[in-house]
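For the sequence shown, position 101 matches number 100 in numbering that gives the first Met the number 0, and the numbering has no gaps at all.
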Amino acid sequence: MTDEDYMRLALEEARLAAEEGEVPIGAVVVCGGEAIARAHNRRETDRDPSAHAEFSAMCMAARALDRWRLTGCTVYVTLEPCLMCAGLMVNARIDRCVYGAPDPKGGALGTLFDVSHDERLNHEFDVASGVLEQECANELRSFFRARRAKKKGPGAAEAQGCC
């Protein structure tokens, strides 16, 4: 399978997140050519600030491999990871991260920060960005467009306490 194939699996997870009312971000961890873990955002559902797609997928992968070091693994995620998730990637010693859309508000693998190649840290890993970028970005845009339209829908002024 190619990077695009694995990113399509991550996009499937993102769509599941959207169906649950979660921000549509999905992730897949691949080791030895096999997708060993898949997850999507569940912060609202689980009421857990760490329930990011890639964070959850890496935890699942560690359990599947019965080890905390995820050497030999690639993490595929639809949105550029934040500092927390990029930090976990360093600590888990992943080999590579592939992401779809950049995150101008929190991206930690090249946009705002570059945790993957910070020589002060004890591990560096490869990053590939922009894989199915438009599809990944469109999932997010569609989700937030629908959320804004819902807030502006009939009766929105009354619901917001406007006169």
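We put the beta carbon where it would ideally sit given N, CA and C, even for glycine.
Predicted model only: the values in this text are computed from it and were never measured.
According to DSSP, cysteine 72 sits in a beta bridge with which residue or residues?
In the DSSP assignment, cysteine 72 forms a beta bridge with Cys30.
Looking at glycine 105: is its Cβ nearer than 8 Å to the Cβ of glutamate 132?
Result no, Cβ atoms of glycine 105 and glutamate 132 do not sit closer than 8 Å.
Are the region 50-65 and the region 73-85 in contact at 8 Å, needing three or more beta carbon pairs?
yes
Excluding the five sequence neighbours on either side, which residues of its own chain have a C-beta within less than 6 Å of the C-beta of alanine 145, listed in chain order?
Excluding residues within five positions, none has a Cβ falling inside 6 Å.
Cα-Cα, which of Ala9, Arg41, Ser49 is closest to valine 27?
Ala9
Report the rounded CA-to-CA distance for tryptophan 67 versus alanine 91, giving the unit in angstroms.
6 Å
With a threshold of 8 Å on Cβ separation, who are the neighbours of alanine 158 within its own chain once the five nearest residues in sequence on each side are excluded?
With a pLDDT of only 43 at alanine 158, under 50, the local geometry of the prediction cannot be trusted, and no value is derived from it.
Can the beta-carbon of methionine 88 be found less than 8 Å from the beta-carbon of phenylalanine 124?
Yes, the Cβ-Cβ distance between methionine 88 and phenylalanine 124 is below 8 Å.
Excluding the 5 residues flanking methionine 103 on each side, which residues of the same chain have their C-beta closer than 8 Å to its C-beta?
Per the sequence shown, the amino acid found at residue 103 is proline instead of methionine. Within the same chain, proline 103 has close Cβ partners Thr110, Leu111.
By the DSSP assignment, the alpha helix (DSSP H) with aspartate 47 in it spans what residues?
Per DSSP, aspartate 47 belongs to no alpha helix (DSSP H) and is neither H nor E.
By how many angstroms is the C-alpha of alanine 85 removed from the C-alpha of asparagine 121?
Approximately 13 Å between the Cα atoms of the pair.
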